[in-house]
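Participant:
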Amino acid sequence: MAKRIASINIQKAHVGEFWHNTREKDTVNSIFDKSKNEFDRTAREAISIYKKDLEEKSKKYTERTGQKLQKRATTLMNAVVNLDEHHTLQDLKKVARMLEKKLDVKVYQVAVHNDEGYIDDEGKKHINKHGHILFSGLDSEGRAVKRNKLNIHVLRELQTDVANILGMERGERGKKRKHVDIHTYKEMKKKENEALRELKQNIKLDDEKIEKYINKFDKALEKFLSFGRAKREDVITLFGKFLNYLKTEIGVLEKENEKLKEENLQLKQKVGEKNFENSELKAENLKLKEENKRLIDENLKARETIKKVKQLDSVKLAEENKELRLTIKDLQAEISSLRKQMININKKLQEKEQEKIFNKEDFHYLSKLKKEARKDTLKEIYEEFVKFKNKVEKRGHTIEI
138 MAKRIASINI QKAHVGEFWH NTREKDTVNS IFDKSKNEFD RTAREAISIY
188 KKDLEEKSKK YTERTGQKLQ KRATTLMNAV VNLDEHHTLQ DLKKVARMLE
238 KKLDVKVYQV AVHNDEGYID DEGKKHINKH GHILFSGLDS EGRAVKRNKL
288 NIHVLRELQT DVANILGMER GERGKKRKHV DIHTYKEMKK KENEALRELK
338 QNIKLDDEKI EKYINKFDKA LEKFLSFGRA KREDVITLFG KFLNYLKTEI
388 GVLEKENEKL KEENLQLKQK VGEKNFENSE LKAENLKLKE ENKRLIDENL
438 KARETIKKVK QLDSVKLAEE NKELRLTIKD LQAEISSLRK QMININKKLQ
488 EKEQEKIFNK EDFHYLSKLK KEARKDTLKE IYEEFVKFKN KVEKRGHTIE
538 I
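Here it is in structure tokens:
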């Protein structure tokens, strides 16, 4: 199993996951021997602890607020943790203890899954080792953990804590990662295997180079899986396009390298057969060296091209993800911010005894945009907002959004 990046992903959970973790009920994701899985409690034992703890925390909530705990409250959460081959249940329990202390919660069940993964085109099984930690969605005072404690700063700290506890490499900071379901993971691994199989068929590769390109593809896969709220099908499509580009470039480089090897071999044979004092051989030698240098330079340029394309793709996808992350709340906040700036500009102009540049119609229009911002109209309202902002700039005032 290749070395993995540390990751913890926390989501709302349901009671059925107690049974899933212990495999006391069958799962379609299992492709290895499920007897090698580990867990600290059976489903019934964990559920019993969960219900008793929930009853106590519901009382705490009522004592604190004078109200009953809402039915829609998140009372159970699941942390999915990446694991390396050597990690055990005891290692995962260390992460569980850290969560209990940091979030003031109670852990109900800890489980390590060694039976999930995917099967490549050659029928070889690849393990996706990971752990599950089911814990309370309420802290000791009955407060919602998700709303009150799982902010971006805490989530970043958790990623670092997990990496340190498990002795794994931490993922890149500032990247919003997405927990990918098993079906998306299998589909992307299938595309990777297809690309590698095509390379093997069309280009002569030794085991060392095959391993090198597997690592290259895996890094690309890891990068594509890290995109924030991009749609599953969009990520898969982009990953497929990237693999097609990459295998084309690899094919060109490998053929160029084969050509270089052949020319160098011919050069050595000629040197062995003839005397270096032969002027024609010296000229041929110089020509081959120049050609060799040219091919090496082209090889380096090709690598730089690949690097630039990857950077451009990353920037483009980051911009697309930024658009996808726009919410009604974000737009309303931007409208409010622009309104405040317009008021301040008018105020400064009044202080200078100059005529205001923003009138009632301008402010009414902003209020109208804010009221009409809904999920189904978000894109259109945002476009109108940008147009309005551009009109403001034409009046001679630059306002940052």
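Per this note's numbering, the sequence shown starts with residue 138, numbered consecutively.
Don't be surprised by glycine CBs; every beta carbon is placed ideally from N, CA and C.
Quick check: the Cα distance between Val324 and Asp221, rounded to an integer number of angstroms?
Facilitator: A small correction: the amino acid at residue 324 is Glu; Val does not occupy that position in the sequence shown. Using only the alpha carbons, I get a separation of about 22 Å.
Participant: Check the Cβ-Cβ distances between Arg160 and every residue of chain B, and say whether any is below 8 Å.
Facilitator: The displayed structure is made up of one protein chain only, and chain B is not part of it.
Participant: For His157, count neighbouring C-beta atoms within 10 Å of its own C-beta (all shown protein chains included) and say buried if the count is 16 or more, exposed if not.
Facilitator: It counts as buried.
Participant: In the structure shown, what three-state DSSP assignment does Ser195 receive?
Facilitator: Here Ser195 sits in helix by DSSP.
Participant: Could you tell me the distance, in whole angstroms, from the CA atom of Ile289 to the CA atom of Leu295?
Facilitator: Computed Cα separation, rounded: 10 Å.
Participant: Please report the straight-line C-alpha distance between Leu563 and Val242, rounded to a whole angstrom.
Facilitator: Nothing about residue 563 can be read from this structure; the chain reaches only from 138 to 538.
Participant: Assign Val558 to one of two classes, buried (16 or more other C-beta atoms within 10 Å of its C-beta) or exposed (fewer than that).
Facilitator: Lying outside 138 to 538, the shown extent of the chain, residue 558 is not represented and no answer is given.
Participant: When we look at the beta-carbon of Thr159 and count the other beta-carbons within 10 Å, is it buried (16 or more) or exposed?
Facilitator: With 16 or more other Cβ atoms within 10 Å, it is buried.
Participant: Measuring only the C-alpha atoms, how far is Arg280 from Phe272?
Facilitator: In a straight line, the C-alpha of Arg280 is about 14 Å away from that of Phe272.
Participant: Can you tell me where the beta strand (DSSP E) holding Leu220 begins and where it ends?
Facilitator: It is not in any beta strand (DSSP E) - Leu220 carries neither H nor E in the DSSP assignment.
Participant: So Phe522 is in the beta strand (DSSP E); what residue range does that whole segment cover?
Facilitator: Unbroken run through Phe522 is the alpha helix (DSSP H), 515 to 531; no beta strand (DSSP E).
Participant: Near Phe155, what residues of its chain come up, given a Cβ to Cβ distance below 7 Å and the 5 sequence neighbours on each side ignored?
Facilitator: Contacts found: Ala180, Ala183, Ile184, Gln246, Leu271.
Participant: What are the residues that DSSP puts in a beta bridge with Arg307?
Facilitator: Answer by DSSP bridge pairing, in chain order: Ala143.
Participant: Ile145 and Val299: beta carbons closer than 8 Å?
Facilitator: In contact: Ile145 and Val299 (Cβ atoms closer than 8 Å).
Participant: Should the stretch 424 to 437 be regarded as contacting the stretch 385 to 403, the criterion being three or more beta carbon pairs within less than 8 Å?
Facilitator: Judged by Cβ distances under 8 Å, the stretch 424 to 437 makes contact with the stretch 385 to 403, as three or more pairs qualify.
Participant: What are the start and end residues of the alpha helix (DSSP H) that includes Ser473?
Facilitator: Start and end: 465 to 488.
Participant: In terms of residue numbering, what span does the alpha helix (DSSP H) encompassing Gly153 cover?
Facilitator: Counting along the chain, the alpha helix (DSSP H) containing Gly153 begins and ends at 153 to 159.
Participant: Kindly list the residues whose CB is nearer than 7 Å to the CB of Lys524, restricted to its own chain and excluding five residues on each side of it in sequence; keep chain order.
Facilitator: Same-chain partners within the cutoff: there are none.
Participant: If distances are taken between C-alpha atoms only, which option among Val529, Lys149, Leu506 comes closest to Ile518?
Facilitator: Checking every option, the nearest Cα to that of Ile518 belongs to Leu506.
Participant: Alpha carbon to alpha carbon, how far is Glu105 from Asn285?
Facilitator: Residue 105 is absent from the model: the chain starts at 138 and stops at 538.
Participant: State the Cα-Cα distance for the pair Glu490 and Leu503, rounded to the nearest angstrom.
Facilitator: Their Cα atoms are separated by approximately 25 Å.
Participant: Consider the C-beta atom of Glu441 and the heavy atoms of the ligand PLP; say whether any pair is separated by less than 7 Å.
Facilitator: What this structure holds is no ligand at all, so the ligand PLP is not there to describe.
Participant: Looking at the strands, I want to know which residues DSSP matches up with Val408.
Facilitator: Partner(s): none; Val408 has no beta bridge.
Participant: Tell me the DSSP secondary structure of Ile494 in three-state form.
Facilitator: Ile494: coil per DSSP, three-state reduction.
Participant: How is Gly279 classed by DSSP in three states: helix, strand or coil?
Facilitator: Coil at Gly279, not helix or strand.
Participant: What did DSSP end up calling Gly268 once you bin it into helix, strand or coil?
Facilitator: In the structure shown, Gly268 sits in a strand (DSSP, three-state: E or B).
Participant: Is it right to say Asn215 is buried, meaning 16 or more other beta carbons lie within 10 angstroms of its own, or is it exposed?
Facilitator: Per the 10 Å Cβ criterion, buried.
Participant: Determine the contact status of Lys262 and Gly268, defining contact as a CB-CB distance below 8 Å.
Facilitator: Cβ distance not < 8 Å, so Lys262 and Gly268 don't count as in contact.
Participant: Restricting to Cα atoms, I'd like to know which of Leu213, Val291, Met479 is closest to Asp88.
Facilitator: With the chain covering 138 to 538 only, the question about residue 88 has no answer from this structure.
Participant: Compute the distance between the beta-carbons of Phe500 and Arg532, then report whether it is under 8 Å.
Facilitator: No, these two residues do not count as a Cβ contact at 8 Å.
Participant: Is Leu292 helix, strand or coil by DSSP?
Facilitator: Of the three classes helix, strand and coil, the one that applies to Leu292 here is helix, per DSSP.
Participant: By how many angstroms is the C-alpha of Val291 removed from the C-alpha of Asn265?
Facilitator: One C-alpha to the other measures close to 26 Å.
Participant: Tell me which residues share the same chain as Lys405 and place their Cβ nearer than 7 Å to its Cβ, disregarding the 5 neighbours each side in the sequence.
Facilitator: Cβ within range, chain order: n/a, list empty.
Participant: Return the CA-CA distance between Arg511 and Leu468, expressed in angstroms with no decimal places.
Facilitator: When rounded, the distance between both Cα atoms is 10 Å.
Participant: Compare the C-alpha of Leu226 against each of Ala150, Leu303, Gly274 and name the closest.
Facilitator: Ranking the options by Cα distance to Leu226, first place goes to Leu303.
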